[in-house]
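Have a look at the structure below before the remarks.
Protein chains: 2
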Amino acid sequence: MSSQVLTTQEASAPALTAWLRFLRAHAAITRELSARLEALHELTLSDYDVLLQLYFAPERRMRRIDIARSVLLTASGITRLLDGLERCGLVDKARCESDGRVAYAVLTDAGVKKVEEARESHLADVEELFGSRFDRHEREQLAALLGRLPLAPTSDACSS
Amino acid sequence: MSSQVLTTQEASAPALTAWLRFLRAHAAITRELSARLEALHELTLSDYDVLLQLYFAPERRMRRIDIARSVLLTASGITRLLDGLERCGLVDKARCESDGRVAYAVLTDAGVKKVEEARESHLADVEELFGSRFDRHEREQLAALLGRLPLAPTSDACSS
DNA sequence: CGGCTATACTTGAGGTCGCAACGATCATAG
DNA sequence: CTATGATCGTTGCGACCTCAAGTATAGCCG
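First to last, the protein sequences are chains P and C. For the first sequence, our numbering assigns the number 697 to the initial residue and increments by one for each residue that follows. For the second sequence, our numbering assigns the number 697 to the initial residue and increments by one for each residue that follows.
The structure is reproduced here in structure tokens:
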């Protein structure tokens, strides 16, 4: 049925075009954002992402597994990432009293400070590289469209 | 001016919301796409990407540096990626006669076959995970919006 | 020609991340 | 109380990718 060979990838379909632009834009923007974040604050984009989650979490602490799910890294990735943040003194590890399996990550005072410092320049960078390309209406449009994309491995990613 | 502290990242601005969704969606979708591609065809998403560039290139060959630029990897990344593809017999290396510095990557017959095999399932996967979320009009909208994002390090990424 | 700079590519070292396997803890049911 | 199964976390291993440095070629100018 749809096995017709297409001459170029761009000509194939708007979906593919959009997908390719999505891929390329991600590569370019995250590379630049990460470079700036690292140069100014010695943080990876993932580091920053995790710190920000903690910053806005109740009591500024979260279970490691919840961090993993919220930033879409695996549990092992979170372990190693937090190792680094702990060594830098930005995060503390706290065991849960009621459940011996879970370990919390808690933002330290230094961590709070770091987030607030980094956030300022990072917000500006995101605005420059991403946001400034769109007006208010387009931003909402884009957010709405991107919000439909799946976040879980394969199946539904609703509120459940 | 815009230094007011915001209570949650979602509340801050549509641009940030869009950016976060962009980040998360990329992580989820590429992970799934890569897993499927690897399971069915033993290819990385980057492998596939490079093979596809070659597939549509004149004479199915490209200079390594041009591959790097088109898929947004560094030159060293391309060297190692092509090493793998050469070992698999999907790509051949060819020196340029007029310029001793450049080395071409040429798609072999096996490479052509591989692309055509992988393309079928990959297109379906992209459609399922990405394209199917949007109708025709939305795809064009999305492609247009994403097309405004920068592809070069910092500055302009126009046709110059 | 000899020097100088730019470009194409490769290599060594290091960082980030996922997968799979493992240990520890909890919850449930017999 | 013990067996079973699920959940949380860590670790060994390997893949992928970047940065910085190094090699080789090309082009330009004195």
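No residue lacks a Cβ here, since even glycine has one placed at the ideal position from N, Cα and C.
Round the Cβ separation of residue i and residue j to the nearest angstrom and send it over; I've been treating them as touching at under 8 Å.
i: Leu741 of chain P; j: Leu733 of chain P; result: 6 Å
i: Ala724 of chain C; j: Ala848 of chain P; result: 7 Å
i: Tyr751 of chain C; j: His818 of chain C; result: In fact, because the Cβ distance is near 12 Å, the residues do not count as touching under 8 Å.
i: Arg759 of chain C; j: Val811 of chain C; result: That belief does not hold up - the Cβ atoms of Arg759 of chain C and Val811 of chain C are roughly 19 Å apart, past 8 Å.
i: Arg717 of chain C; j: Gly843 of chain P; result: 5 Å
i: Ala711 of chain C; j: Val822 of chain P; result: 7 Å
i: Thr804 of chain C; j: Asp788 of chain C; result: 6 Å
i: Leu841 of chain P; j: Phe830 of chain C; result: 7 Å
Within the same chain, show all residues whose beta-carbon is closer than 6 Å to that of residue i, passing over the 5 residues directly before and after it, in chain order.
i: Ser766 of chain C; result: Gln749
i: Arg783 of chain P; result: none
i: Trp715 of chain P; result: none
How would you label residue i, buried or exposed, when you count the other beta carbons within 10 angstroms and need 16 or more for buried?
i: Arg832 of chain C; result: exposed
i: Gly796 of chain P; result: exposed
i: Pro754 of chain C; result: exposed
i: Ala801 of chain C; result: buried
i: Ala839 of chain P; result: buried
i: Ser699 of chain C; result: For Ser699 of chain C, the pLDDT reaches just 34, beneath the cut-off of 50, and the residue's location in the model is therefore unreliable, although a value from the coordinates is still provided. Label assigned to Ser699 of chain C: exposed.
i: Arg756 of chain C; result: buried
i: Ala790 of chain C; result: exposed
i: Ala806 of chain P; result: exposed
i: Ala814 of chain C; result: buried
i: Arg835 of chain P; result: buried
Determine the direct distance from the alpha carbon of residue j to that of residue i, and round the result to whole angstroms.
i: His662 of chain P; j: Lys809 of chain P; result: Residue 662 of chain P is absent from the model: chain P starts at 697 and stops at 856.
i: Leu786 of chain C; j: Leu781 of chain P; result: 42 Å
i: Ala820 of chain C; j: Ser828 of chain C; result: 10 Å
i: Ser730 of chain C; j: Ile774 of chain P; result: 21 Å
i: Arg720 of chain P; j: His722 of chain C; result: 11 Å
i: Thr713 of chain P; j: Cys792 of chain P; result: 48 Å
i: Leu777 of chain P; j: Leu739 of chain P; result: 11 Å
i: Pro846 of chain C; j: Ser794 of chain C; result: 34 Å
Given residue i, which residues of its chain have a CB within under 8 Å of its CB, disregarding the five upstream and five downstream residues?
i: Ala764 of chain P; result: Thr770, Ala771, Gly773, Ile774
i: Phe826 of chain C; result: Ile725
Between residue i and the rest of its own chain, which residues show a CB-CB distance below 7 Å, the 5 nearest in sequence each way excluded?
i: Ile761 of chain P; result: Ala771
i: Glu728 of chain P; result: Leu825
Q) For the stretch 804-835 of chain C, which segments carrying the beta strand (DSSP E) assignment without a break, of at least 3 residues, lie completely within its bounds, in sequence order? A) No beta strand (DSSP E) of 3 residues or more sits fully in the stretch 804-835 of chain C.
*Hey, which unbroken runs of the beta strand (DSSP E) at 3 residues or more fall wholly within the stretch 724-766 of chain C?*
For the beta strand (DSSP E) assignment, the uninterrupted runs of no fewer than 3 residues enclosed by the stretch 724-766 of chain C are, from N- to C-terminal side, 757-759.
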